[in-house]
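Structure, as structure tokens:
There are 2 protein chains.
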Amino acid sequence: MDEVKVALYGVGAVGSLIAKSLLEKKGVKIVGAIDAAKEKVGKDLGEVLGLNRKIGITISSDVDVVLSKTKPDIAIHATSSYLKDTYPQIVSIVKHGVNVISTCEELSYPYYSEPKIAKELDRLAKKHDVTVLGTGINPGFLMDTLVITLTAACQKIEKIEAARVMDAATRRLPFQRKIGAGLTVEEFKQKIEKREITGHVGLEQSIAMIAAALAWKLDEIRIDPVEPVIAKEPAESEFIKVDAGKVAGLRQTARGIRKGKEVIVLDFQAYIGAKEEYDAITITGVPTIKQRIQPCVHGDAGTVAIIVNSIPKVLKASAGLLTMKDLPVPSAVTEDMRKYI
Amino acid sequence: MDEVKVALYGVGAVGSLIAKSLLEKKGVKIVGAIDAAKEKVGKDLGEVLGLNRKIGITISSDVDVVLSKTKPDIAIHATSSYLKDTYPQIVSIVKHGVNVISTCEELSYPYYSEPKIAKELDRLAKKHDVTVLGTGINPGFLMDTLVITLTAACQKIEKIEAARVMDAATRRLPFQRKIGAGLTVEEFKQKIEKREITGHVGLEQSIAMIAAALAWKLDEIRIDPVEPVIAKEPAESEFIKVDAGKVAGLRQTARGIRKGKEVIVLDFQAYIGAKEEYDAITITGVPTIKQRIQPCVHGDAGTVAIIVNSIPKVLKASAGLLTMKDLPVPSAVTEDMRKYI
Numbered sequence: 010m011d012e013v014k015v016a017l018y019g020v021g022a023v024g025s026l027i028a029k030s031l032l033e034k035k036g037v038k039i040v041g042a043i044d045a046a047k048e049k050v051g052k053d054l055g056e057v058l059g060l061n062r063k064i065g066i067t068i069s070s071d072v073d074v075v076l077s078k079t080k081p082d083i084a085i086h087a088t089s090s091y092l093k094d095t096y097p098q099i100v101s102i103v104k105h106g107v108n109v110i111s112t113c114e115e116l117s118y119p120y121y122s123e124p125k126i127a128k129e130l131d132r133l134a135k136k137h138d139v140t141v142l143g144t145g146i147n148p149g150f151l152m153d154t155l156v157i158t159l160t161a162a163c164q165k166i167e168k169i170e171a172a173r174v175m176d177a178a179t180r181r182l183p184f185q186r187k188i189g190a191g192l193t194v195e196e197f198k199q200k201i202e203k204r205e206i207t208g209h210v211g212l213e214q215s216i217a218m219i220a221a222a223l224a225w226k227l228d229e230i231r232i233d234p235v236e237p238v239i240a241k242e243p244a245e246s247e248f249i250k251v252d253a254g255k256v257a258g259l260r261q262t263a264r265g266i267r268k269g270k271e272v273i274v275l276d277f278q279a280y281i282g283a284k285e286e287y288d289a290i291t292i293t294g295v296p297t298i299k300q301r302i303q304p305c306v307h308g309d310a311g312t313v314a315i316i317v318n319s320i321p322k323v324l325k326a327s328a329g330l331l332t333m334k335d336l337p338v339p340s341a342v343t344e345d346m347r348k349y350i
Numbered sequence: 010m011d012e013v014k015v016a017l018y019g020v021g022a023v024g025s026l027i028a029k030s031l032l033e034k035k036g037v038k039i040v041g042a043i044d045a046a047k048e049k050v051g052k053d054l055g056e057v058l059g060l061n062r063k064i065g066i067t068i069s070s071d072v073d074v075v076l077s078k079t080k081p082d083i084a085i086h087a088t089s090s091y092l093k094d095t096y097p098q099i100v101s102i103v104k105h106g107v108n109v110i111s112t113c114e115e116l117s118y119p120y121y122s123e124p125k126i127a128k129e130l131d132r133l134a135k136k137h138d139v140t141v142l143g144t145g146i147n148p149g150f151l152m153d154t155l156v157i158t159l160t161a162a163c164q165k166i167e168k169i170e171a172a173r174v175m176d177a178a179t180r181r182l183p184f185q186r187k188i189g190a191g192l193t194v195e196e197f198k199q200k201i202e203k204r205e206i207t208g209h210v211g212l213e214q215s216i217a218m219i220a221a222a223l224a225w226k227l228d229e230i231r232i233d234p235v236e237p238v239i240a241k242e243p244a245e246s247e248f249i250k251v252d253a254g255k256v257a258g259l260r261q262t263a264r265g266i267r268k269g270k271e272v273i274v275l276d277f278q279a280y281i282g283a284k285e286e287y288d289a290i291t292i293t294g295v296p297t298i299k300q301r302i303q304p305c306v307h308g309d310a311g312t313v314a315i316i317v318n319s320i321p322k323v324l325k326a327s328a329g330l331l332t333m334k335d336l337p338v339p340s341a342v343t344e345d346m347r348k349y350i
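Protein chains in written order, with my numbering: chain P, 10 to 350; chain U, 10 to 350.
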């Protein structure tokens, strides 16, 4: 069997990390790279990745040319968190008969916020006999797939709570900026209003995916406003110093309400100086299950893993728009990728 | 859609708990019950379950009569841990065109210890267009499926360790006896020799399933001898008193060796007086993941959950002998079972 041929659609921060991971794997080959950024188009992928060697793949802004020339088995799509931005991009891949795995947060469970787009994407994917999956570490794994998996050990469930607390100091500078680290509370509020700070995208999708897996009909999914986490004492990362009283990062909570009760609560916290970092899941039921991953899974490292590890599952899956709960138990690809197909 | 029709094959300790759980669920109906025990045959299932009501199902020892009369969608099989005992029983179900979920520990990954039986069972299942699955909380979930799921967040893996430590005082008396609680070390050794104490069945199967999911070819799977856990101070359950110096329970370790290195280590401990009960998984890799469920998932409660929750997955699965890693992400059935199919 030939190596799995992958095209990259989006060679930004996350796309670049995925590319580097793929370059280290056996049985898989990057055959093309697409990006809209002028400073990247025309350059060799190796150069854009900051490697000391050329790879022989020139970054192009033309999806149709790249895909029709390279005929990949799958495209890894990493551009935006929002479905309205990514939908036309994903359609342009699907029309070439190419499978898609996307980091787009809203695509992790698009049936929630964009049911019409989801239906149309499912139709198109089936028409062109490809599979489309949105995934990542979160949404995609820690606050949804892993939660769903743990419910399998329960006979009854009253409430599901998942919390992710991360020290943003361990993350990329753009991420630290995105959560408002170092701002005054006033500046933070202004950036929230201008949507320059948006909070974590995907909490609603995670709740909707859990509810769908459990066949729970929710009255509604409530997203609390994004809250600043105020530094009680000075904290700092390699890049940003946070004085006491300033914003260290943010916290956001989302709630799934069923028959008037909070049944799913997701709590996301990312700030510089978090002393305990963890991913925790508590399912109150029969039996009650209290699970904790400590420290929390590193966001970028985990996203790269989930995306790359999903490739064989997607290649073997039936056509259509799928979500993580529809695929077989997820697992790592540590060997030649062809062994998993 | 009609209710899911279930036949019970084996109404012992675990089969009875499964039956009670099924009686509480909507959209599923017990239509028949099979057991070989003379004291059960001819009795109403309600009586055998210790309920205060008759259910209208008479326990029979004749598989063929029960299955041809009741035509169930699926049989829940709970008789023995060993494939040599359960194989003819499972074949007798499969030949009626009935899907099977079995608690048989060796069936959780039969390709390891009994590849010929596994192959033949797969052939028969496909011939009769049914699905056969062996599962439970362990093997079946805590030390294999959940481990596999967590590897999905890893790019590289050096070593996988899973430990299950349970206070046997919280379990049934037969379980406490099975682990040798209260014996002298000499008695324990004799019972090990006579195979009256066998240790935990399924560690090899869990290792083999993890290795298969990761496409790791193992040199061998090593099972350490069952060790007694000696009580350092007196401990007791409702049923058994363990003096200091006597056996409180047992510990067993199994190792998957690859390229000369221990890459998968499973450590099972069950004894009266365990102060900390937990299920822990550590995956050393990129990133390293340290996960802990504390207290550990209750064995019986968890097994019942996994078995019942697997029913819709098995009914929707393709024909053949499957293992947990082949099915979609497991999840709970808390609503009318027909909603999940």
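Glycine is no exception: its CB is placed at the ideal position from the N, C-alpha and C atoms.
Of all the beta strand (DSSP E) runs that stay within the bounds of the segment 67 to 123 of chain U, which reach a length of 3 or more residues?
For the segment 67 to 123 of chain U, whole beta strand (DSSP E) runs of length 3 or above, ordered along the chain, are 83 to 86, 108 to 111.
Any Cβ of chain U within less than 8 Å of the Cβ of T154/P?
In the first sequence, residue 154/P corresponds to position 145, counting from 1. Taking Cβ atoms only, chain U reaches closer than 8 Å to T154/P, which makes this a yes.
In whole angstroms, what is the alpha-carbon distance linking F184/U and L259/U?
Locating residue 184/U in the second sequence gives position 175, counting from the first residue. Locating residue 259/U in the second sequence gives position 250, counting from the first residue. Distance between the alpha carbons of F184/U and L259/U is about 11 Å.
Would you verify that the beta carbon of P148/U is, or is not, closer than 8 Å to some beta carbon of chain P?
Translated into positions along the second sequence, residue 148/U becomes position 139. Cβ-Cβ to chain P under 8 Å: no for P148/U.
Less than 8 Å between CB atoms is the rule here; does V317/U satisfy it with respect to chain P?
Here residue 317/U is taken as the residue at index 308 of the second sequence, counted from 1. Closer than 8 Å to some Cβ of chain P, the Cβ of V317/U qualifies, so yes.
Under the rule that 16 or more other beta-carbon atoms within 10 Å means buried, what is S89/P, buried or exposed?
The residue given as residue 89/P occupies position 80 in the first sequence. Per the 10 Å Cβ criterion, buried.
Quick check on the DSSP output: the beta strand (DSSP E) that includes F150/U runs from which residue to which?
As a position in the second sequence, residue 150/U is number 141, starting the count at 1. Unbroken run through F150/U: none, as it is neither H nor E.
Within a Cβ cutoff of 8 Å, which residues of the same chain sit near V358/P, ignoring the five residues on either side of it in sequence?
The structure shown does not extend to residue 358/P, since chain P is modelled only from 10 through 350, so no value can be given for it.
Residues of chain P with CB under 7 Å from V295/U, in chain order?
Along the second sequence, read from residue 1 onward, the residue named residue 295/U stands at position 286. What V295/U touches in chain P: A310.
My output table needs one value for I292/P: the three-state DSSP class, helix, strand or coil.
Here residue 292/P is taken as the residue at index 283 of the first sequence, counted from 1. Strand, per DSSP.
Measure from the alpha carbon of D153/U to the alpha carbon of each residue in K125/U, A177/U, Q199/U, L223/U, then state which is nearest.
Position 144 of the second sequence, counting from 1, holds the residue named residue 153/U. Nearest of K125/U, A177/U, Q199/U, L223/U to D153/U, Cα basis: L223/U.
Please report the straight-line C-alpha distance between G254/U and E236/U, rounded to a whole angstrom.
Within the second sequence, numbered from 1, the residue matching residue 254/U stands at position 245. Within the second sequence, numbered from 1, the residue matching residue 236/U stands at position 227. Taking the straight line joining both Cα atoms gives about 14 Å.
Y349/P touches chain U at which residues, Cβ-Cβ below 8 Å?
For the purposes of this step, residue 349/P is taken as residue 340 along the first sequence, with counting starting at 1. Per Cβ cutoff of 8 Å: A224.
Report all residues from its chain with a CB closer than 7 Å to the CB of A22/P; omit the five preceding and five following residues, and keep chain order.
As a first step, residue 22/P must be located in the first sequence, where it is residue number 13. R181, P183, listed in sequence order.
Hey, does I302/U have any beta-carbon neighbour from chain P nearer than 8 Å?
For this step, residue 302/U is matched to residue 293 along the second sequence. Yes, I302/U lies at the interface with chain P (some Cβ there is under 8 Å from its Cβ).
Take V251/P as the anchor and find which of G282/P, Y96/P, P234/P, K270/P has the nearest alpha-carbon.
Here residue 251/P is taken as the residue at index 242 of the first sequence, counted from 1. Answer by Cα proximity: G282/P.
Quick one: which chain P residues come within Cβ less than 9 Å of K270/U?
Counted from its first residue, the second sequence places residue 270/U at position 261. Ordered by position in chain P, no residue passes the 9 Å Cβ test against K270/U, which lies about 14 Å from the chain.
Ends of the beta strand (DSSP E) at D276/P?
In the first sequence, counting from the first residue as 1, residue 276/P sits at position 267. From DSSP, the beta strand (DSSP E) with D276/P extends over 270 to 280.
Is S340/U close to chain P? Criterion is C-beta to C-beta, closer than 8 Å.
The sequence position of residue 340/U within the second sequence is 331, counting from 1. At least one chain P Cβ lies under 8 Å of S340/U.
Taking C-beta pairs closer than 9 Å, name the residues in chain P that Q214/U reaches, listed in chain order.
Position 205 of the second sequence holds residue 214/U. By Cβ distance, chain P contributes nothing, its closest Cβ being about 15 Å from Q214/U, past 9 Å.
So with CB distances below 7 Å, who are the chain U contacts of A162/P?
As a position in the first sequence, residue 162/P is number 153, starting the count at 1. Neighbours of A162/P on chain U, chain order: I146, F150, V306, G311, A314, I315.
Beta-carbon within less than 6 Å of Y96/P's beta-carbon, same chain only, minus the 5 sequence neighbours each way: which residues are those?
Position 87 of the first sequence, counted from the first residue, corresponds to residue 96/P. Once the five neighbours on either side are set aside, the close Cβ partners of Y96/P are I126.
Return the CA-CA distance between I292/P and Q300/P, expressed in angstroms with no decimal places.
By one-based count along the first sequence, residue 292/P stands at place 283. By one-based count along the first sequence, residue 300/P stands at place 291. Those two C-alpha atoms are separated by around 9 Å.
For my contact list, G24/P and E114/P are in at a C-beta cut-off of 8 Å; report their separation, rounded to the angstrom.
Along the first sequence, one-based indexing puts residue 24/P at 15. Along the first sequence, one-based indexing puts residue 114/P at 105. The pair is not a contact, with the Cβ atoms about 15 Å apart (cut-off 8 Å).
For the candidate residues L227/U, H105/U, M175/U, L159/U, whose alpha-carbon lies nearest to that of G149/P?
For the purposes of this step, residue 149/P is taken as residue 140 along the first sequence, with counting starting at 1. Considering only alpha carbons, the answer is L159/U.
When you compare each of I320/P, L17/P, V103/P, S122/P to I230/P by their alpha carbons, which one comes out closest?
Residue mapping note: residue 230/P aligns to position 221 of the first sequence, counting from 1. Out of I320/P, L17/P, V103/P, S122/P, S122/P has the C-alpha closest to the C-alpha of I230/P.
Along the chain, where does the beta strand (DSSP E) that runs through K299/U open and close?
As a first step, residue 299/U must be located in the second sequence, where it is residue number 290. Segment 298 to 302, the beta strand (DSSP E) holding K299/U.
So I249/P and G191/P are supposed to be a Cβ contact under 8 Å. How far apart are they, rounded?
Start at 1 with the first residue of the first sequence, and residue 249/P comes out as number 240. Start at 1 with the first residue of the first sequence, and residue 191/P comes out as number 182. Their Cβ separation, rounded to whole angstroms, is 4 Å, which keeps I249/P and G191/P in contact under 8 Å.
If you count every other CB in all the chains shown that lies within 10 Å of the CB of E286/U, and 16 or more means buried, which is it?
Start at 1 with the first residue of the second sequence, and residue 286/U comes out as number 277. That one is buried.
Kindly indicate the opening and closing residues of the alpha helix (DSSP H) around M175/U.
Here residue 175/U is taken as the residue at index 166 of the second sequence, counted from 1. Taken as a continuous stretch (DSSP letters only), M175/U belongs to no alpha helix (DSSP H), being part of the beta strand (DSSP E) at 165 to 176.
Can you round the beta-carbon distance between I169/P and I219/P to whole angstroms, since I take them to be within the 8 Å contact cut?
Position 160 of the first sequence, counting from 1, holds the residue named residue 169/P. Position 210 of the first sequence, counting from 1, holds the residue named residue 219/P. The Cβ separation is near 7 Å, so the contact holds.
May I ask you to list the residues that DSSP assigns as paired with I230/U?
In the second sequence, residue 230/U corresponds to position 221, counting from 1. I230/U is bridged to G265/U.
Is it buried or exposed for S77/P, if we count other Cβ within 10 angstroms and need 16 for buried?
In the first sequence, residue 77/P corresponds to position 68, counting from 1. Per the 10 Å Cβ criterion, exposed.
Pair every Cβ in the segment 323 to 334 of chain P with every Cβ in the segment 332 to 340 of chain U, then say whether three or more of these pairs are closer than 8 Å.
They touch, by the three-pair rule.
How would you write the range of the alpha helix (DSSP H) that I43/P sits in, first residue to last?
What you label residue 43/P is simply residue 34 of the first sequence in a count that begins at 1. No alpha helix (DSSP H) holds I43/P; the beta strand (DSSP E) holding it covers 37 to 43.
Helix, strand or coil: which one does DSSP assign to R260/P?
Looking up residue 260/P in the first sequence gives position 251. Looking at R260/P - three-state DSSP - the assignment turns out to be strand.
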